[in-house]
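For reference, the structure discussed in these notes is given below.
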Amino acid sequence: MNTDKPELMKCFLDFSVEVTGFSLFDLQGTGQAPLYFDTIWGVIGGEMFRELLQAFQQSCDVEKILASPKLGPIARNIIKLWYIATWEQLPPVWREKFRATLNDSTFIASPYAYTEGLLWPAIGINPPAAKAPGYGTWSMPPKIKPVPPKAQVK
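Using the working numbering, read the sequence shown as starting at 2 and increasing by one per residue.
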């Protein structure tokens, strides 16, 4: 694998498409790819990040990566980054076995990343208090169907 960052970024995005279920267009549209790439690099280091991306590039077997004791926790954190903009501290067992870095703690990647999280389009709403729903949408009735009355018990 080429170790220059543009090549790694492409592989990171390809991996992210597979683990998030969103298209490359959608992921790039969030504007968060460079932030998440740099966040991961800063927490686990280039060597381990390359190892994850190389494993994906060689087999494209996401299930195998997610099941890996070494790469699985990192892959799950990448999913969390895309969906909720949060890097979760890696599990204690992982930290002991694979040498945790000082940067490995639970944190939000950026205040702006919250509004671009994939969680919101996945559940079909805008992030509360962060993005307007659109001009005039306040005048439309909600899409929630009314709850049918309870059947009378005899």
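Backbone N, C-alpha and C define an ideal beta-carbon position, used for all residues, glycine too.
Check: Which of helix, strand or coil DSSP assigns to F108; Outcome: strand
Check: Whole-angstrom C-beta distance between E89 and K98, which should lie under 8 Å; Outcome: That pair is no contact at about 17 Å.
Check: Residue of I85, Q55, K144 minimising C-alpha distance to T107; Outcome: I85
Check: Test item: CB-CB of D105 and V44 under 8 Å; Outcome: yes
Check: C-alpha gap between W83 and L72, whole angstroms; Outcome: 17 Å
Check: C-alpha distance - I79 paired with S140, whole-angstrom precision; Outcome: 38 Å
Check: Span separating the alpha-carbon of W64 from that of P142; Outcome: Here residue 64 turns out to be Glu, not Trp, going by the sequence shown. Their Cα atoms are separated by approximately 42 Å.
Check: Alpha-carbon to alpha-carbon, C12 and E48; Outcome: 15 Å
Check: Length of the line joining the Cα atoms of Q33 and K151; Outcome: 46 Å
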